[in-house]
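Respectively, the protein sequence lines represent chains A and B. Here the working numbering is used: position 241 in the first sequence is 253, and no number is missing along the way. Here the working numbering is used: position 41 in the second sequence is 53, and no number is missing along the way. Even glycine gets a Cβ: it sits at the ideal position worked out from N, Cα and C.
Protein chains: 2
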Amino acid sequence: MKRIMMTVAYDGTDYCGWQLQPGRITVEGVINEALSQMLKEDIQVIGASRTDAGVHSRGNVCVFDTSRSIAPENVARALNARLPDTVVITGAHEVAPDFHPRKCDCVKTYEYRILNCQVDDPMRTRYSLHVERPLDVEKMKQAAAHFIGEHDFTSFCSPQTNAISKIRTVYETEIMCYNASVSGISDAREIVIRVTGSGFLYNMVRIIAGTLIAVGQGRISPDAISAMIEARDRRAAGPTAPAKGLTQVGIRYPSPDTPAKT
Amino acid sequence: MKRIMMTVAYDGTDYCGWQLQPGRITVEGVINEALSQMLKEDIQVIGASRTDAGVHSRGNVCVFDTSRSIAPENVARALNARLPDTVVITGAHEVAPDFHPRKCDCVKTYEYRILNCQVDDPMRTRYSLHVERPLDVEKMKQAAAHFIGEHDFTSFCSPQTNAISKIRTVYETEIMCYNASVSGISDAREIVIRVTGSGFLYNMVRIIAGTLIAVGQGRISPDAISAMIEARDRRAAGPTAPAKGLTQVGIRYPSPDTPAKT
């Protein structure tokens, strides 16, 4: 029996999120099915991030155990041939048998993408939120800096969470702004909110993004963020931005074969 | 009665091309329907490029006539509210009543996008062709130069065409190569074949792209292109590349209110 870790990228548009749900099409579900068919044994992967419906990923991580003798380096190619175009295994390798992707320290990075432009772009609309009026990027940068550090993020967490501790550490926030070439539109910009942390609560990045958009629109002051965090009340923060703009960029583990937390 | 010209962007994935077809969902069909509902009169647009099923656009052009008093600058916003996310009007203005988008000189630009990478990227797969093995970009550049000029492009045209003359002028070809950030993959590249010309025959850009990919794979020599053109035989050229990688980038008219050819 060996444990194989895979990195997974997906377009989340047509999935009811990562996590297995009976009667629904989920990323975990299609991977389990393809793996089980391929290896002819019942496989249930363990995922690192249980992303929401509509959220995308460039580097989610999952592990599975198999008694088959398949070489890990062949898993990606063989599995991709069986998976839909919207889910791609980007790599696979063997890890320690007790490695659990949710039970060891890691650094997760998410990006929230905004097309800030008079009109939406049909070739970006699956992966970014269209905001028509120009956002004040400088104010968004000021506001974003207030999230850095160890905080109780209750205000930035859906009340539907099961998490007991709401304390998380945000290592870095970054607001990037690029010229976007959108047909016939001269001042189109793509704004990317990049957040890196030890882990994120349910809807946390989407609420941070929704709040930063409200800052960019002048509806919330950058200086209000600290008080929002201190309030420990979901109603104190801004709206939850739509899922489609969110992409999980990747997860870094200290070492690929770090043992599980005990 | 006034004639309004609109620029249109679309994700062609789920459309049976531009042109109206009974019983099928086409870009022209959804625009006609939304415009007719909005203006409460029967509108039939005239499109510039009748792109194939699955081909995308960042700047197709169409015109329509209306007796309503709507200001052209309000057409885009009002119409976008009625159109699906996959079709966006990026601009609209009044043109001369005899302006016909297919009956005056113009310069059309297309891009064919290739993700040249070990694995496909689910967030690019709708808009680019995945080619696993590294392509020889230098050879593709050498080959692309041979298309420039006025030629009989019979070899690069689907035999199903209705076109009488196969003579077209290619003004420019360009092969661009970017580093593509694909999760965990170090040598991913996006290769863009950009072709500008007076007009293109049925499947012409896709056959040029398919031929250039074969050059990049070492299956066709860059020096073979001229003989392929001279052969005036579809069987002399390379394969037709899949529609999904193709995007019509835009159309330039000498002046937006150029009169129709007489």
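Under 8 Å between C-beta atoms of Met135 (chain B) and His68 (chain A): Numbered from 1 along the second sequence, position 123 holds the residue referred to as residue 135 (chain B). Numbered from 1 along the first sequence, position 56 holds the residue referred to as residue 68 (chain A). In contact: Met135 (chain B) and His68 (chain A) (Cβ atoms closer than 8 Å).
Where Val99 (chain B) meets chain A, residues with beta-carbon distance less than 9 Å: Counted from its first residue, the second sequence places residue 99 (chain B) at position 87. Chain-ordered, the chain A residues with CB closer than 9 Å to the CB of Val99 (chain B) read Pro134.
Range of the contiguous beta strand (DSSP E) that encloses Glu184 (chain B): What you label residue 184 (chain B) is simply residue 172 of the second sequence in a count that begins at 1. Counted as a single uninterrupted DSSP element, the beta strand (DSSP E) harbouring Glu184 (chain B) occupies residues Ile179 to Asn191.
Inter-residue spacing [alpha-carbon to alpha-carbon] between Arg246 (chain A) and Ala157 (chain A): Start at 1 with the first residue of the first sequence, and residue 246 (chain A) comes out as number 234. Start at 1 with the first residue of the first sequence, and residue 157 (chain A) comes out as number 145. So the two alpha carbons sit approximately 20 Å from each other.
Segment contact flag, the region 190-206 of chain B with the region 100-117 of chain B, C-beta cutoff 8 Å, min 3 pairs: Between the region 190-206 of chain B and the region 100-117 of chain B there are fewer than three C-beta pairs closer than 8 Å, too few to call the two in contact.
Residues bridged to Ala41 (chain B) [DSSP beta-bridge criterion]: Translated into the one-based positions of the second sequence, residue 41 (chain B) becomes position 29. At residue 41 (chain B) the sequence reads Gly, which differs from the Ala that was named. BP columns for Gly41 (chain B) are empty, so no partner.
As assigned by DSSP and simplified to three states, the class of Asn92 (chain A): If you number the first sequence from 1, residue 92 (chain A) lands on position 80. In the structure shown, Asn92 (chain A) adopts helical secondary structure according to DSSP, grouped into three states.
Residue span of the alpha helix (DSSP H) that contains Asp218 (chain B), given as start and end: One-based indexing of the second sequence puts residue 218 (chain B) at position 206. For the record, residue 218 (chain B) in the displayed sequence is Arg; it is not Asp. Where Arg218 (chain B) is concerned, the enclosing alpha helix (DSSP H) stretches over Met216 to Gly228.
With 16 other Cβ atoms within 10 Å as the buried cut-off, status of Arg132 (chain B): Position 120 of the second sequence, counting from 1, holds the residue named residue 132 (chain B). Reading the sequence as shown, one finds Asp at residue 132 (chain B) and not Arg. Buried, since its Cβ has 16 or more Cβ neighbours within 10 Å.
Which residues DSSP lists as bridging Gly209 (chain A), in chain order: Numbered from its first residue, the first sequence carries residue 209 (chain A) at position 197. BP columns for Gly209 (chain A) point to A:Lys120 and A:Val182.
Close beta carbons around Val143 (chain B), own chain, < 6 Å, minus the five adjacent residues each side: In the second sequence, residue 143 (chain B) corresponds to position 131, counting from 1. The beta carbon of Val143 (chain B) is closer than 6 Å to those of Ile126 and Asn128 in its chain, skipping five residues each way along the sequence.
Contiguous alpha helix (DSSP H) assignments of at least 4 residues, all confined to the region 44-117 of chain B: 84-92
Sub-8 Å separation of Ala236 (chain B) and Phe168 (chain B) beta-carbons: What you label residue 236 (chain B) is simply residue 224 of the second sequence in a count that begins at 1. What you label residue 168 (chain B) is simply residue 156 of the second sequence in a count that begins at 1. Not in contact: Ala236 (chain B) and Phe168 (chain B) (Cβ atoms no closer than 8 Å).
is_contact[Ile263 (chain B), chain A] using C-beta, thresh 8 Å: On the second sequence, position 251 is the one that residue 263 (chain B) refers to. Chain A, which has no Cβ nearer than 8 Å to the Cβ of Ile263 (chain B), makes this no.
Helix, strand or coil at Val131 (chain B) [DSSP, three-state]: Looking up residue 131 (chain B) in the second sequence gives position 119. Three-state DSSP puts Val131 (chain B) in coil, outside helix and strand.
Residue nearest to Gln33 (chain B) in terms of C-alpha spacing, selected from B:Lys14, B:Thr63, B:Ser48 and B:Gly209: One-based indexing of the second sequence puts residue 33 (chain B) at position 21. Looking at the Cα atoms, B:Thr63 is the closest of the given residues.
Chain A within 8 Å of Val131 (chain B), Cβ atoms only: Counting from 1 along the second sequence, the entry for residue 131 (chain B) is found at position 119. Yes, contact with chain A.
Contact set between the region 138-154 of chain A and chain B, restricted to residues whose Cβ is under 7 Å from the partner: Tyr139
Secondary structure of Ala21 (chain B), DSSP reduced to three states: Position 9 of the second sequence, counted from the first residue, corresponds to residue 21 (chain B). Ala21 (chain B) falls in the strand class under three-state DSSP.
Any C-beta of chain A under 8 Å from that of Thr223 (chain B): Your numbering for residue 223 (chain B) matches position 211 in the second sequence. Chain A, which has no Cβ nearer than 8 Å to the Cβ of Thr223 (chain B), makes this no.
Which of helix, strand or coil DSSP assigns to Lys273 (chain B): Position 261 of the second sequence, counted from the start, is the residue given in the question as residue 273 (chain B). Since pLDDT at Lys273 (chain B) reaches only 47, below the 50 mark, its modelled position is unreliable, and the value read off the structure follows with that caveat. Three-state result, Lys273 (chain B): coil.
Assigned exposure category for Gln146 (chain A) - 16 Cβ within 10 Å defines buried: Taking the first residue of the first sequence as position 1, residue 146 (chain A) is located at position 134. The sequence given here has Pro at residue 146 (chain A), not Gln. Pro146 (chain A) is exposed by the Cβ-count criterion.
Own chain residues within Cβ distance below 8 Å of Ile37 (chain B), not counting five before or after: The residue labelled residue 37 (chain B) in the question sits at position 25 within the second sequence. Within its own chain, the residues whose Cβ lies closer than 8 Å to the Cβ of Ile37 (chain B), once the five positions on either side in sequence are excluded, are Asp26, Tyr27 and Cys28, listed in chain order.
Where Arg138 (chain A) sits in the DSSP three-state scheme: As a working mapping, residue 138 (chain A) is identified with position 126 in the first sequence. Here Arg138 (chain A) sits in coil by DSSP.
Neighbouring residues, chain B, relative to Asp23 (chain A) (Cβ below 7 Å): In the first sequence, residue 23 (chain A) corresponds to position 11, counting from 1. The answer, in chain order, is Pro134 and Met135.
Limits of the unbroken alpha helix (DSSP H) element including Val149 (chain B): By one-based count along the second sequence, residue 149 (chain B) stands at place 137. Unbroken alpha helix (DSSP H) run through Val149 (chain B): Val149 to Ala157.
Beta carbon of Asp110 (chain B) nearer than 8 Å to that of Met13 (chain B): The sequence position of residue 110 (chain B) within the second sequence is 98, counting from 1. The sequence position of residue 13 (chain B) within the second sequence is 1, counting from 1. Contact flag unset, no.
Residues sharing a beta bridge with Arg246 (chain B), DSSP: Along the second sequence, one-based indexing puts residue 246 (chain B) at 234. Paired residues: none, contrary to the question.
C-beta neighbour in chain A for Pro271 (chain B), strict 8 Å: Translated into positions along the second sequence, residue 271 (chain B) becomes position 259. At Pro271 (chain B) the pLDDT is 49, less than 50, meaning the model places this residue with poor confidence; the figure from the coordinates comes in the next sentence. For Pro271 (chain B), no Cβ of chain A is located within less than 8 Å of the residue's own Cβ.
Contact set between Val194 (chain A) and chain B, taken where Cβ atoms lie within less than 8 Å: Along the first sequence, read from residue 1 onward, the residue named residue 194 (chain A) stands at position 182. In chain order: Ala21, Arg70 and Thr102.
Coarse secondary structure for Asp164 (chain B), derived from DSSP in three states: Along the second sequence, read from residue 1 onward, the residue named residue 164 (chain B) stands at position 152. In this structure, Asp164 (chain B) counts as strand in the three-state DSSP scheme.
Contacting residues, own chain, Cβ-Cβ under 6 Å from Ser61 (chain A) (five flanking each side not counted): Walking along the first sequence from the start, residue 61 (chain A) turns up at place 49. The beta carbon of Ser61 (chain A) lies closer than 6 Å to those of Asn72 and Gln260 in the same chain, with the five residues before and after it left out.
For Gly262 (chain B), three-class secondary structure by DSSP: Position 250 of the second sequence, counting from 1, holds the residue named residue 262 (chain B). Three-state DSSP puts Gly262 (chain B) in a strand.
Cβ neighbour criterion (16 or more within 10 Å) applied to Lys52 (chain B): Residue numbering aside, residue 52 (chain B) sits at position 40 when the second sequence is read from its first letter. Per the 10 Å Cβ criterion, exposed.
Per-residue DSSP class, three states only, for Ile237 (chain A): Working through the first sequence from its first residue, we reach residue 237 (chain A) at position 225. The answer is helix: DSSP assigns Ile237 (chain A) an H, G or I state.
Minimum Cβ-Cβ distance from Asn44 (chain B) to chain A less than 8 Å: Within the second sequence, the letter at position 32 stands for residue 44 (chain B). Judged by the 8 Å Cβ criterion, Asn44 (chain B) is not in contact with chain A.
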